[in-house]
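J.: Okay, here's the structure, questions in a sec.
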Amino acid sequence: MELFIGIMSGTSLDGIDAVLVETDGDRVTLLARTNSPFEPTLRHRLLTLAGGGAVTARQWGELDTELGQAYAAVTTKLLRESGHSAGQIRA
């Protein structure tokens, strides 16, 4: 059995959802799930970009970094809440 994490945010950009699943290649079992709302400023910036708003290359890079940090925080929260460690996760 192997452990995998799935993570996403929907088009409403209300937050980030993450799940931890276990699979043997045929069956998948949900072990844990969590979510975390976007920080309001980050959500506003993402909605502006999704609506066609212009950003500079610097702003794009900053937004990319901030979004990555938010995803990492939710992943850490999921691992902590489920009692698993990063070393146990296949992908």
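Residue numbers (the numbering used here): 1 to 91.
Where is the CB? At the ideal position from N, CA and C, for every residue including glycine.
Is it the case that the region 80-90 contacts the region 36-53, given that we only count it when at least three CB pairs across the two stretches are under 8 Å?
T.: The count of Cβ pairs closer than 8 Å, one atom from the region 36-53 and one from the region 80-90, stays below three, leaving the stretches out of contact.
J.: Of all the beta strand (DSSP E) runs that stay within the bounds of the region 26-82, which reach a length of 3 or more residues?
T.: 28-37
J.: Given a threshold of 16 other Cβ atoms within 10 Å of its Cβ, counted over all protein chains shown, does Ala54 qualify as buried or as exposed?
T.: exposed
J.: How is Ala18 classed by DSSP in three states: helix, strand or coil?
T.: It is a strand residue.
J.: So which of Leu13, Ala50, Asp14, Thr29 has the shortest CA-CA distance to Gly6?
T.: Thr29
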